[in-house]
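Chemist:
Okay, structure coming up:
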């Protein structure tokens, strides 16, 4: 099974809306094979809380206007560091760049097919490289354990 045509339309609109608000690193994955709750994830980031909110608002507005859908759930609004918009067919994650680097959702879904996005959204991947933005990974209190687990995982993959 692959993402539905409806989900693909929503992904395209959400990605374009994020690009219109200058989101960074926009990417989408078809997760329909591994998750029963949604067809696709859209990930986007921004270097500050205000822009995270603006991107999420723009996505919500465009999906309502062009597809007459509203999120069944919107989380993270108050903090503005990671806003999740759940449309059932798709789930949109708009994250502050620091959260994006720390949680690395791309790594979790790397085995899922990447979805085709509008050109503006593809161009957003260069935006973080060209800006002064330097995502800072937050040290974990379990950093040593994580390093050992990563090394063991690398051995298994070989």
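Numbering (my numbering), first residue to last: 86 to 243. We put the beta carbon where it would ideally sit given N, CA and C, even for glycine. Owing to the predicted nature of the structure, the values given are computational and were not obtained by experimental measurement.
Tell me whether residue 201 sits in a helix, a strand or coil according to DSSP, three-state version.
Modeler: coil
Chemist: Under 8 Å between the Cβ atoms of residue 140 and residue 106?
Modeler: Judged by their CB atoms, residue 140 and residue 106 are nearer to each other than the 8 Å cut-off.
Chemist: If residue 137 and residue 124 are in contact, beta carbons under 8 Å, what's the gap, nearest whole angstrom?
Modeler: Actually they are not in contact, since the Cβ atoms of residue 137 and residue 124 sit about 24 Å apart, beyond 8 Å.
Chemist: In terms of DSSP beta bridges, what is residue 175 paired with?
Modeler: 125
Chemist: Return the chain-ordered list of same chain residues with a C-beta closer than 7 Å to the C-beta of residue 87, the five sequence neighbours on each side being excluded.
Modeler: 115, 117
Chemist: Using a Cβ distance threshold of 8 Å, determine whether the segment 147–159 contacts the segment 126–135, with at least three qualifying pairs required.
Modeler: no
Chemist: Please state the DSSP three-state secondary structure of residue 100.
Modeler: Under the three-state reduction of DSSP output, residue 100 falls in the helix class.
Chemist: Using 8 Å as the threshold, is the C-beta distance between residue 200 and residue 95 below it?
Modeler: Taking 8 Å as the Cβ cut-off, residue 200 and residue 95 do not qualify as a contacting pair.
Chemist: Just mark residue 102 as buried or exposed, buried being the case when its beta carbon has 16 or more other beta carbons within 10 Å.
Modeler: buried
Chemist: For residue 127 versus residue 175, is the C-beta distance shorter than 8 Å?
Modeler: Closer than 8 Å, so yes.
Chemist: Let me make sure I understand the geometry here. Which of 104, 165, 121 has the alpha-carbon closest to that of residue 144?
Modeler: The closest CA to that of residue 144, considering only 104, 165, 121, is found on 104.
Chemist: Let me confirm a value: residue 179 is counted as buried when at least 16 other C-beta atoms fall within 10 Å, else exposed. Which label applies?
Modeler: buried
Chemist: In the DSSP assignment, find the beta strand (DSSP E) that holds residue 159 and state where it starts and stops.
Modeler: 158–160
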